[in-house]
Every structure is written in C-alpha cells, then in structure tokens.
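S.K.: Once you've had a glance at the structure underneath, I'll fire off some questions.
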DNA sequence: GAGCCATGTGAAGAAACCTCACAGAAGGCT
DNA sequence: AGCCTTCTGTGAGGTTTCTTCACATGGCTC
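Residue numbers (our numbering), protein chains in the order written: chain A, 0 to 309; chain B, 0 to 309.
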C-alpha cells in the first residue's frame, strides 16, 4: 500500500472481461472496442507480469492456470468497485429491472436482449445479476429469472412462469475427450469442477441420469462463478456438470465437448413476477422470454429423452 | 457485470491514493506523477460520477462523505488486485522485509525511509503492511513493527526493542474545535470514530488520562483503516482518539487539532526480531529505528507528563 | 484445399495523460 | 497588516498510450 505496484488497470479490466467471456471478441464487445485492442492489452499485461495468461491456438484460446487464478480474483474486486460507485442520476424513463443468474445473463440473456430491444425500443432494460434470494420491493426488481426444481415447495409470494427446460451434463475440453470414447469410468478418473453456489451439480446429474451413485472424486476444485468453471473445463482442468443453456455457445464453437450428452434436469428456468401482478412491461418481457425459450435449441441427444420423460 | 459500467480506473486509483494520504501532493508522490495530474484525475472522476468527492478550501482539502465511502470501498478492492497479481521475478539481492502497521507505515515509516536508504543504499527494503500476528519464517519477515502494551505478556519467541513512546489523544477538525475551549462535556457530545482493528482506543485513552469512566457515545462510526478514520475526523464527522505518531503530520499542517493534547499511552512502538537473532541488515534497521524514534518530536503538552511519569 | 473463424500485428491516427508554469486561496508568522 | 508558505486549480503544449483498420496467420470444418 505504501507504494502500490499495480499492473496497468485498463489491461486488467480487459483481461477480466476476457476471462469471463472466454473469447477476446466477446470481451471487446463488452468493452466497446475492437478485438485488436483487447489483444494488445492482454499482451501488455502478460509482458508486465512476465507470466503467460493465455495459451492454446488462436482460434481456441484458453486461460492458463495463472490466468484463471488472476481472473477469479479480479472479478470480485471489480464487482466491489462497481457496487461502491455512486450511480449517476438515472435519466429517462424508469427501466425494467430484471434480476438474473450471472452466468445465464452472460451466456443466454444478454446475447438475446437486442432482439427484445428491437421489438420494444421504448422499454429500457437493466439486468441486475444475483444468485441469491430477492425481494421485489426492496431490490426494486420487476422480474427475476431463476432455476426452479421440480421438488421445490410451491409458494404464494410470487408467480413463476417456466420458459425453458433445464438440461445438464458433463463437459470437458476437446483434448481431454480426444483419446477414445468417453465412459463413466474415464469420467470418474478426472478431476471434478464445482461452483460454490451449486455444489450438488454432480449428484443432481447422477440422479437425473438414473445411474447408480457416483464414486468419490479423485480431485475436486471449486469456483466462485459458473463462467470460471466453464473456462477451467475449457482449459482442461477437469470435468464440469454444466447446464445446456450455459455451455451451448462453447459447445457450438468447439471449446467444450459433452461426450455423454445432456440429461433432462428435472428443473425449469423460470421467470418470477410479484404475486400482486406485474407491470405491463414486465409482462411483455415475460412473454418474450417464453417465446425465446421455445426457440432456443435443445441438446440433440437429450431431446427425445426429456420430451418423452416428463 | 453483463456490461460493466466502471468509472475510469486510473482516476479511481488516483482518488484512492488521495483518500489514504489526504492530500493530493502526497498521492502524487506515491503515483510518481505531479499534483496537477492527480487534480485532473479526481476532477474527471467527480464529473463522471456527478458527485462531489472533495470539499473545503484548496489548502485544506477534505473528502466529502460520498468520497470517504468510495475510498473505503476502493482500498480493499485494490488490495485484492495487488494480492492476486503474480509478482514478477524478484531481481537483485534479497530485500529486508519489514512488517508494519499500515497507518504507521504510511504516516511515519515511509516518509523517513529515504533517510535509511541514503545511509545504506545497498540494503533494499520492502515494507509489508499487516495488522495481525506474524511468523518470521512463514511470512519471510526480517523485522516487524508493532505496538506493545505495558501489560502484554512477555514472550520468549521474539526480541522486542522499543523505539518510540506512544501518545494518544482526541483529534477533531479545526471547525469542530473552533467554537470555544474544548471540554470533556463538549467532546462527549460529538460522534466518536473508531477503527475495526483497535476499537478500545477510547477506553484506553480514558484510562491513561486517569479520568473517570466515559459516558456512552451519542453516536459511533467504525472504519476499516486508521487513515480513513483520520480523514473522517478531518472531514468533521466526529472525534477520533489517535496516536501522536499517526496524526502528527496532519496536526502540523492544521488539518486536525488536538484540543486536549496527548496522554502517554502506556505502550511503546517496538521493533520485533526473531529470538535466534537477526540478520546484520535487520540489526542496522533496528538501530536506525531507535535513532529515528529518539529524534521524532513528542507532543508538547504531553512531553513533561510522560517523561516524568515513566 | 477452400472457406471460416478467431486472434496476432504494422502503421497511422486519435485520445488520454502528464508536465510545466503560473494563478489563486487560505493560513501562519513577524 | 503584509509577507511568506503551502497546497490545489488550470491553460497550453508535448508525449505517451491506446485504438483502429487492414491484413496476415494458424487451426478447424466440410
């Protein structure tokens, strides 16, 4: 503190965004710059630190372990700064506030939001990211997006509208999956990746596949956020059980593979609105979610299994 | 997070440094830039946020409450980033590592360190800031600076060398002290400022003055760091009981006043070295601390009281 | 092997930043 | 009172840094 020796802060911001998105292009979009700018910032940071933060071929870039560690520390630090920042006076009409799981927001909601904006340019939307419980009044939320498990108790303090099924399955890096067909035995021999907010992902998955109990893991590693767990999986650090909605883009681009497919997760992704009814804007948003959910592809392997099984 | 909306990070860094030091000039020194650069950065930040972060005349600038709140959130965030940053390979000779209380480092040690460097240019010194306990081996510390109270148990796992007396007393902003002579009654009517790491400052001070017990505070406010408590005092938020060594510079510059003077604190500031002896460099540093301590001025009101009383 | 996708990179332009010098304001000192 | 010191605000100008644009590169898919 006496004399702080911080790396270039803008480079840190760029790297943190890269860490969350896993690709420079997406990070560049978030920062409203070109991918070249991000590339240079990250390279500058690597030179400053003298540590490699990225590795792999350019078309399938991943973080090194050092990079993952740094990014995981940077995110909460920037969160803290963001939370402490006094908001400038909000101008214009009051926005529709949507509370959403962070990774679902980043991987599913935000990429689709422009379509909602195009349909309703007069409704400003603000996405507030949160894992935990919420209070419509206190947090000034109009609508929340959460997971709802089939066994969850029914409550009368909110209205839940399911808009997407939940599929999940183990995902790994292509390299880890490469050497021959994936079996349960090979899977169990790999380190397991978990998230702090949903540590029962593995046991839930096993239950949903109808398989017998899972042998204990050879090694476990826990992450604070789903997206860092996915990046760790992409980096080849182990196997993660991930929801289809979170991993879909990385599967499509080949950064991850799901050798055992996906199983229906006996849960739904739901929109939650206040029991006393919601604003017309929130209702529009909810309807839009239902439509978008219906048009989101389902994992091919799981499609028949789930549709038939429920 | 979806789309972070962070203020300019370099401006935040400048403001955080200003928050710790309380003056732009010192912050500029820390950042190795001119005061003009810091001034511009802070102004830019204020414009970006639309919130006044500083107030008061230019010669006696203080943080607003909003500024204090922001700075207090920024410091741990930057600490976190600093801690997560992989250190570049340390070149050159192994430095002498001194563990020190953060505020003592900032207000006393660091400003005097150039003198040690001038006398021993071949001994690189690294100041590691910490409040808590330490382990010479595990933390790779050569020497630690801590407070030692007179009643503290004597241990045989370290050698303590006192090098400065501890005086403490209530400090307030000149404005709060202005209207007439300060009495115990007026003092007790003001909000009290505390630090998380040393909440018993008030009761210790009362005991050391020999006064009767203190009436309960009308209002208390707690800070994570001593320097933020001092800034809060300078901002007129209340009264803080501060060690002379921490407040001396602010008293000299008139940012703070100590209307009741200082009392001998029945404690010493000590250098702690390992029981098995220390390196020649650490011994030199310890001797230098003793000499510097002896030449540090003592508070005028307390001088006779303390020197006679011990 | 043609096409695609994401990143690396050279050069030039844009933007941000810093410095220097001076001005202004407050307080202390004689 | 008047001078002096200290600290911050600011205009102008130079320097560094960052970005962009365009293209190259390497790996992958079909």
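We put the beta carbon where it would ideally sit given N, CA and C, even for glycine.
1. Touch check for the stretch 221-236 of chain A and the stretch 280-288 of chain A: three-plus C-beta pairs under 8 Å?
2. Comparing C-alpha positions only, which one of A:263, A:161 and A:39 sits nearest to residue 269 (chain A)?
3. So with CB distances below 8 Å, who are the chain A contacts of residue 217 (chain B)?
4. For residue 70 (chain A), which option in B:72, B:74, B:62 and B:79 has the closest C-alpha, if you only look at C-alpha atoms?
5. Does DSSP put residue 134 (chain A) in a helix, in a strand, or in coil?
6. Under 9 Å between beta-carbons, which chain A residues line up against residue 244 (chain B)? List them in chain order, please.
7. Would you decide whether residue 217 (chain A) is buried or exposed? Buried here means 16 or more other CB atoms lie within 10 Å of its CB.
8. Counting along the chain, where does the beta strand (DSSP E) carrying residue 73 (chain A) start and finish?
9. Does any residue of chain A have a CB that is nearer than 8 Å to the CB of residue 130 (chain B)?
10. In angstroms with no decimal places, state the Cα-to-Cα distance between residue 34 (chain B) and residue 264 (chain A).
11. Tell me whether residue 306 (chain A) sits in a helix, a strand or coil according to DSSP, three-state version.
12. Name the chain B residues that come within less than 9 Å of residue 67 (chain A), Cβ to Cβ?
13. Could you tell me which chain B residues have their CB closer than 9 Å to the CB of residue 14 (chain A), listed as they occur along the chain?
14. Cβ closer than 7 Å: which chain A residues qualify as neighbours of residue 73 (chain B)?
15. Going by other Cβ atoms of all chains shown within 10 Å of its Cβ, with 16 needed for buried, is residue 93 (chain B) buried or exposed?
16. If residue 6 (chain A) sits next to residue 84 (chain B), beta carbons under 8 Å apart, how far is it from one beta carbon to the other, in whole angstroms?
17. My assumption, with CB atoms under 8 Å, is that residue 258 (chain B) sits in contact with residue 181 (chain B). Please give the rounded CB distance.
18. Give a yes or no on whether the minimum CB-CB distance between residue 25 (chain A) and chain B is below 8 Å.
19. For chain B, find out if any of its Cβ atoms is closer than 8 Å to the Cβ of residue 96 (chain A); answer yes or no.
20. At least one CB of chain A closer than 8 Å to the CB of residue 77 (chain B): is that the case?
21. According to a CB-to-CB cut-off of less than 7 Å, which residues of the stretch 25-50 of chain A neighbour chain B?
22. What are the start and end residues of the alpha helix (DSSP H) that includes residue 261 (chain A)?
23. Identify the contact partners of residue 123 (chain A) in chain B, using a Cβ-Cβ distance below 9 Å as the criterion.
24. My understanding is that residue 30 (chain A) touches residue 13 (chain A), with C-beta atoms under 8 Å, so please give their C-beta distance in whole angstroms.
25. With DSSP as the reference, identify every bridge partner of residue 163 (chain B), one or two as the case may be.
26. Could you tell me whether the Cβ of residue 8 (chain A) comes closer than 8 Å to any Cβ of chain B?
27. Quick check on residue 292 (chain B): does DSSP put it in helix, strand or coil?
28. From the beta carbon of residue 288 (chain A), is the nearest beta carbon of chain B less than 8 Å away?
29. Take residue 54 (chain A) and list the residues in its own chain whose beta-carbon comes closer than 7 Å to its own, dropping the five residues that flank it on each side.
30. With a cut-off of 8 Å, does the C-beta of residue 3 (chain A) fall near any C-beta of chain B?
31. Whose Cβ in chain A lies nearer than 9 Å to the Cβ of residue 100 (chain B)?
32. Beta-carbon separation of residue 232 (chain B) and residue 186 (chain B) under 8 Å?
33. Could you please give the first and the last residue of the uninterrupted beta strand (DSSP E) stretch that includes residue 98 (chain A)?
34. Relative to the C-alpha of residue 291 (chain B), which residue among B:158, B:111, B:152 and B:171 is closest?
35. For residue 11 (chain B), decide whether its Cβ has a neighbour in chain A, counting only Cβ atoms nearer than 8 Å.
36. With DSSP run on the structure shown, which of helix, strand or coil describes residue 19 (chain A)?
M.R.: Here's the rundown:
1. Output reads no: the stretch 280-288 of chain A does not touch the stretch 221-236 of chain A.
2. The residue given as residue 269 (chain A) occupies position 270 in the first chain. Of the candidates A:263, A:161 and A:39, the one whose C-alpha sits nearest the C-alpha of residue 269 (chain A) is A:161.
3. Counting from 1 along the second chain, the entry for residue 217 (chain B) is found at position 218. None at all; the shortest Cβ gap to chain A is about 28 Å.
4. If you number the first chain from 1, residue 70 (chain A) lands on position 71. Nearest option by C-alpha distance: B:79.
5. Locating residue 134 (chain A) in the first chain gives position 135, counting from the first residue. Residue state, collapsed to three classes: coil.
6. Looking up residue 244 (chain B) in the second chain gives position 245. Contact note: residue 244 (chain B) does not reach chain A at a C-beta cutoff of 9 Å; the least C-beta distance is about 15 Å.
7. Reading the first chain from its first residue, position 218 is the one you call residue 217 (chain A). Classification for residue 217 (chain A): exposed.
8. Sequence index remark: in the first chain, residue 73 (chain A) carries index 74 (1-based). For residue 73 (chain A), there is no enclosing beta strand (DSSP E); the residue is part of the alpha helix (DSSP H) that begins and ends at 64-83.
9. Here residue 130 (chain B) corresponds to residue number 131 of the second chain, with the count starting at 1. The beta carbon of residue 130 (chain B) sits no closer than 8 Å to any beta carbon of chain A.
10. In the second chain, counting from the first residue as 1, residue 34 (chain B) sits at position 35. In the first chain, counting from the first residue as 1, residue 264 (chain A) sits at position 265. One C-alpha to the other measures close to 59 Å.
11. The residue given as residue 306 (chain A) occupies position 307 in the first chain. Confidence is the limiting factor: at residue 306 (chain A) the pLDDT is only 35, short of 50, which leaves the residue's position unreliable and the question unanswerable from this model.
12. Counted from its first residue, the first chain places residue 67 (chain A) at position 68. Result: empty, since nearest Cβ-Cβ is about 11 Å, beyond 9 Å.
13. As a first step, residue 14 (chain A) must be located in the first chain, where it is residue number 15. Within 9 Å Cβ-Cβ: nothing; residue 14 (chain A) doesn't reach chain B, min ~11 Å.
14. One-based indexing of the second chain puts residue 73 (chain B) at position 74. By Cβ distance, chain A contributes 80 and 83.
15. Looking up residue 93 (chain B) in the second chain gives position 94. Classification of residue 93 (chain B): exposed, given that the 10 Å Cβ count is below 16.
16. By one-based count along the first chain, residue 6 (chain A) stands at place 7. By one-based count along the second chain, residue 84 (chain B) stands at place 85. Right, the Cβ-Cβ distance comes to about 6 Å (below 8 Å), so this counts as a contact.
17. Here the question's residue 258 (chain B) lines up with position 259 in the second chain. Here the question's residue 181 (chain B) lines up with position 182 in the second chain. Under the criterion of beta carbons closer than 8 Å, residue 258 (chain B) and residue 181 (chain B) qualify as touching, at roughly 3 Å.
18. Within the first chain, residue 25 (chain A) is the residue found at index 26, counting from 1. Judged by the 8 Å Cβ criterion, residue 25 (chain A) is not in contact with chain B.
19. For this step, residue 96 (chain A) is matched to residue 97 along the first chain. No, residue 96 (chain A) lies away from the interface with chain B (no Cβ there is under 8 Å from its Cβ).
20. Here residue 77 (chain B) is taken as the residue at index 78 of the second chain, counted from 1. Proximity of residue 77 (chain B) to chain A, defined by a Cβ-Cβ separation below 8 Å, is satisfied.
21. From the stretch 25-50 of chain A, only 29, 48, 49 and 50 have a Cβ closer than 7 Å to chain B.
22. Here residue 261 (chain A) corresponds to residue number 262 of the first chain, with the count starting at 1. Segment: none, residue 261 (chain A) is in no alpha helix (DSSP H) and carries neither H nor E.
23. The sequence position of residue 123 (chain A) within the first chain is 124, counting from 1. Per Cβ cutoff of 9 Å: no residues; residue 123 (chain A) is ~13 Å from chain B at best.
24. The residue labelled residue 30 (chain A) in the question sits at position 31 within the first chain. The residue labelled residue 13 (chain A) in the question sits at position 14 within the first chain. Confirmed, Cβ separation roughly 6 Å.
25. The count along the second chain starts at 1 and reaches residue 163 (chain B) at position 164. According to DSSP, which records beta bridges pairwise, residue 163 (chain B) is partnered with B:268.
26. Here residue 8 (chain A) refers to the residue found at position 9 when the first chain is read from its first residue. Closer than 8 Å to some Cβ of chain B, the Cβ of residue 8 (chain A) qualifies, so yes.
27. As a position in the second chain, residue 292 (chain B) is number 293, starting the count at 1. DSSP places residue 292 (chain B) within a helical segment (H, G or I) once states are collapsed to three.
28. Numbered from its first residue, the first chain carries residue 288 (chain A) at position 289. False, the Cβ-Cβ gap to chain B never drops below 8 Å.
29. The count along the first chain starts at 1 and reaches residue 54 (chain A) at position 55. So the list reads 61 and 63, once near-sequence residues are dropped.
30. Within the first chain, residue 3 (chain A) is the residue found at index 4, counting from 1. Yes - at least one Cβ of chain B is within 8 Å of the one on residue 3 (chain A).
31. Here residue 100 (chain B) refers to the residue found at position 101 of the second chain. Under the 9 Å cutoff, chain A gives no residues; its nearest Cβ is about 11 Å from residue 100 (chain B).
32. Looking up residue 232 (chain B) in the second chain gives position 233. Looking up residue 186 (chain B) in the second chain gives position 187. Cβ distance not < 8 Å, so residue 232 (chain B) and residue 186 (chain B) don't count as in contact.
33. Here residue 98 (chain A) refers to the residue found at position 99 of the first chain. Counting along the chain, the beta strand (DSSP E) containing residue 98 (chain A) begins and ends at 95-99.
34. Translated into the one-based positions of the second chain, residue 291 (chain B) becomes position 292. Ranking B:158, B:111, B:152 and B:171 by Cα distance to residue 291 (chain B) puts B:111 first.
35. By 1-based counting over the second chain, the position of residue 11 (chain B) is 12. Yes, because at least one Cβ of chain A sits closer than 8 Å to the Cβ of residue 11 (chain B).
36. The count along the first chain starts at 1 and reaches residue 19 (chain A) at position 20. The DSSP-derived three-state label of residue 19 (chain A) is helix.
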